[in-house]
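Enquirer: Sharing a structure below in structure tokens format, with a few things to ask.
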Amino acid sequence: MDPQPITESGSHRPIDFPNGLPQLDLLVRALAFAAAKHRHQRRKDRARSPYINHPIALLRVLVHEAQITDPQVLAAALLHDTIEDTDTTAAELVAHFGPEIAALVQEVTDDKRLPKAERKQLQIDHAPTLSDRAKLVKLADKICNLRDVDQSPPERWSIARRQAYFDWAEQVVTALGPMPPALMEPFRAILQTGRTHLAAPAADRPLRLYWAGPLFSLGERWLNQTLAEELQTLGYPVFLPQAACAGLSDPQAIFERCRSGLDQANAVIAVLDGADADSGTCWECGYAFARQLPIVALRTDFRGSGDAGGFNAMLLGTARSVIALTDPAADLPTVRSRLVAAVEALVPLN
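Under my numbering, the first residue of the sequence shown carries the number 9, and numbering increases by one thereafter.
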């Protein structure tokens, strides 16, 4: 099936559909239906992106990159996960969109009752038997998934697991047979780009740091700002809550912004200073530890540590490395150099 050209192309230009409003109405209805069905779902990336972003990404690939304007293909792309991942039935799709679109969605739907390994093998086995329209949806789906795995992978996916996904996706697409160059070119591009990123040495993967520390006094905020700026001058992106949340007063808004910063980070600096270090870092350390992020613990002030004069054991246990500057004469350059050395020794999760 040859793709029909569209009048304008480009990722941010409007689509001029040759059939006018009826086709646009179909896509709006399909998008509204998919958005309602996926409304409580999130993608598996750290940002927990709304699931509907994925079907929309398929639509953009088909229209803007492959110049596909077949309304049934585009509607099926928006609806392609509704049967597999929501309570939608084939009969429901028939009632809303007709038998042809419902059949297309069914062609690209896995049977969730089967074991995952079997479902993956069936995608390879069934790929040659798909209709031409279903193959377009399947290939666009693989392009979008590979881009996500490369740019914003699911939490806790190891390098090996991501490499295995790239290999499996290539097997599925190869089994589809000859496909339009307008779709194969972006597929090959992300295949090469993603594998290049995955093959890069750990030292070449950039660190994105989250700075966790107490903010209860001017001195604490000054230390956070000074050391974070030192790391930024060395090229490390640093999320600093006191700067990122400036101007916010709503506790929930502050929490969401900080959680988003942690979701984008792949390493954490935890300052354990202050009379109550737990209040300044405990949540961030626990969240980061659950995500298996490396943590550097830094302490320069032991006045609030009680008779034992040590760390909170639960916080200490989360840290990959600990910088404990117990010498009262330790100056700022010493703190900086120790911190930079610890950061440079980190290997980011991804």
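Note that the Cβ used here is the ideal one computed from N, Cα and C, for glycine as well.
Tell me the rounded alpha-carbon separation between His62 and Val343.
Expert: Position 54 of the sequence shown, counting from 1, holds the residue named residue 62. Position 335 of the sequence shown, counting from 1, holds the residue named residue 343. Their Cα atoms are separated by approximately 45 Å.
Enquirer: The beta strand (DSSP E) with Ile303 in it runs from where to where?
Expert: Taking the first residue of the sequence shown as position 1, residue 303 is located at position 295. First-last of the beta strand (DSSP E) with Ile303: Ile303 to Arg307.
Enquirer: By Cβ distance, which residues of its chain are closer than 6 Å to Arg2, with the 5 residues on each side in sequence left out?
Expert: Not covered by the structure: residue 2. The range shown for the chain is 9 to 358.
Enquirer: Which residue wins for smallest C-alpha separation from Ala278, given the options Phe263, Gln49, Ala350 and Pro259?
Expert: Here residue 278 is taken as the residue at index 270 of the sequence shown, counted from 1. Residue Ala350 is the option with its Cα nearest to Ala278.
Enquirer: Exposed or buried, what is Leu359 when buried is set at 16 or more other beta-carbons lying within 10 Å of its beta-carbon?
Expert: The question about residue 359 has no answer here: the residues shown for the chain are numbered 9 through 358.
Enquirer: Bridge partners for Tyr218 per DSSP, in chain order?
Expert: On the sequence shown, position 210 is the one that residue 218 refers to. Bridge partners of Tyr218: Phe247 and Val276.
Enquirer: Tell me the rounded alpha-carbon separation between Leu67 and His205.
Expert: Within the sequence shown, numbered from 1, the residue matching residue 67 stands at position 59. Within the sequence shown, numbered from 1, the residue matching residue 205 stands at position 197. If you take the alpha carbons of Leu67 and His205, they lie about 26 Å apart.
Enquirer: If you follow the alpha helix (DSSP H) that Met192 is in, where does it begin and where does it stop?
Expert: Here residue 192 is taken as the residue at index 184 of the sequence shown, counted from 1. Start and end: Pro189 to Ala207.
Enquirer: Any chance the segment 196-205 sits against the segment 162-181, with 3 or more Cβ pairs inside 8 Å?
Expert: The segment 196-205 vs the segment 162-181: in contact.
Enquirer: What is the DSSP secondary structure of Arg50, counted as helix, strand or coil?
Expert: Here residue 50 corresponds to residue number 42 of the sequence shown, with the count starting at 1. Arg50: strand per DSSP, three-state reduction.
Enquirer: At a Cβ threshold of 7 Å, is Leu87 touching chain C?
Expert: Absent from the structure is chain C; it holds one protein chain and no more.
Enquirer: Pairs of beta-carbons, one from the segment 96-111 and one from the segment 125-135, closer than 8 Å: are there three or more?
Expert: Too few Cβ pairs lie closer than 8 Å, so no.
Enquirer: Of all the options Pro188, Leu226, Ala65 and Gln300, which has the alpha carbon lying nearest to the alpha carbon of Leu144?
Expert: Residue mapping note: residue 144 aligns to position 136 of the sequence shown, counting from 1. Selected option, being the one with the closest Cα: Pro188.
Enquirer: In this structure, how does DSSP classify Pro58 when only helix, strand and coil are distinguished?
Expert: By 1-based counting over the sequence shown, the position of residue 58 is 50. Of the three classes helix, strand and coil, the one that applies to Pro58 here is strand, per DSSP.
Enquirer: Cβ of Asp271 within 7 Å of Cβ of Arg54?
Expert: Position 263 of the sequence shown holds residue 271. Position 46 of the sequence shown holds residue 54. It is a contact, given that the beta carbons lie within the stated cut-off.
Enquirer: Just verifying my parser: in three-state terms, what is the DSSP assignment at Pro162?
Expert: Numbered from 1 along the sequence shown, position 154 holds the residue referred to as residue 162. Looking at Pro162 - three-state DSSP - the assignment turns out to be strand.
Enquirer: To the nearest angstrom, how far is it from the Cα of Pro214 to the Cα of Ala208?
Expert: As a position in the sequence shown, residue 214 is number 206, starting the count at 1. As a position in the sequence shown, residue 208 is number 200, starting the count at 1. Between Pro214 and Ala208, the C-alpha separation is close to 11 Å.
Enquirer: Near Ile167, what residues of its chain come up, given a Cβ to Cβ distance below 7 Å and the 5 sequence neighbours on each side ignored?
Expert: Indexing the sequence shown from 1 puts residue 167 at position 159. Within the same chain, Ile167 has close Cβ partners Leu206.
Enquirer: What first and last residue would you give for the alpha helix (DSSP H) that runs through Leu101?
Expert: Translated into positions along the sequence shown, residue 101 becomes position 93. Its alpha helix (DSSP H) spans residues Ala98 to Phe105.
Enquirer: Can Arg265 and Cys253 be called in contact, C-beta distance under 7 Å?
Expert: The count along the sequence shown starts at 1 and reaches residue 265 at position 257. The count along the sequence shown starts at 1 and reaches residue 253 at position 245. Yes, the pair counts as a contact, with Cβ atoms nearer than the cut-off.
Enquirer: Restricting to runs no shorter than 4 residues, where is the alpha helix (DSSP H) found entirely within the segment 64-148?
Expert: Taking only runs of at least 4 residues, the alpha helix (DSSP H) segments lying wholly in the segment 64-148 are 79-87, 90-93, 98-105, 107-115 and 124-134.
Enquirer: Please report the distance separating the alpha-carbon of Thr137 from that of Leu34.
Expert: What you label residue 137 is simply residue 129 of the sequence shown in a count that begins at 1. What you label residue 34 is simply residue 26 of the sequence shown in a count that begins at 1. Answer to the nearest angstrom: the Cα atoms are 27 Å apart.
Enquirer: How far does the alpha helix (DSSP H) with Pro341 in it extend, from its first residue to its last?
Expert: Counting from 1 along the sequence shown, the entry for residue 341 is found at position 333. Start and end: Leu340 to Glu352.
Enquirer: In this structure, does DSSP put Phe224 in helix, strand or coil?
Expert: On the sequence shown, residue 224 is found 216 positions in, with the first residue counted as 1. Coil at Phe224, not helix or strand.
Enquirer: Quick check: what's the CA-CA separation for Thr117 versus Ala183?
Expert: What you label residue 117 is simply residue 109 of the sequence shown in a count that begins at 1. What you label residue 183 is simply residue 175 of the sequence shown in a count that begins at 1. Cα to Cα, Thr117 sits roughly 17 Å from Ala183.
Enquirer: Below 8 Å on the Cβ atoms is my guess for Tyr218 versus Ala273; work out the distance and round it to an integer in Å.
Expert: Sequence index remark: in the sequence shown, residue 218 carries index 210 (1-based). Sequence index remark: in the sequence shown, residue 273 carries index 265 (1-based). Yes, Tyr218 and Ala273 are in contact; Cβ-Cβ is about 4 Å, under 8 Å.
Enquirer: Just the Cα atoms here: how many angstroms apart are Ser139 and Arg164?
Expert: Reading the sequence shown from its first residue, position 131 is the one you call residue 139. Reading the sequence shown from its first residue, position 156 is the one you call residue 164. Rounded to whole angstroms, Ser139 to Arg164 spans 35 Å at the Cα level.
Enquirer: Give the DSSP-derived three-state secondary structure of Arg299 in the structure shown.
Expert: Within the sequence shown, residue 299 is the residue found at index 291, counting from 1. Coil at Arg299, not helix or strand.
Enquirer: Just to check my reading of the structure: Leu101 and Leu235 have Cβ atoms closer than 8 Å, yes? What is that Cβ distance to the nearest angstrom?
Expert: Your numbering for residue 101 matches position 93 in the sequence shown. Your numbering for residue 235 matches position 227 in the sequence shown. Between Leu235 and Leu101 the Cβ distance is about 56 Å, and since that is not below 8 Å, they are no contact.
Enquirer: Would you mind stating whether Ala74 and Leu191 have Cβ atoms separated by less than 7 Å?
Expert: By one-based count along the sequence shown, residue 74 stands at place 66. By one-based count along the sequence shown, residue 191 stands at place 183. In contact: Ala74 and Leu191 (Cβ atoms closer than 7 Å).
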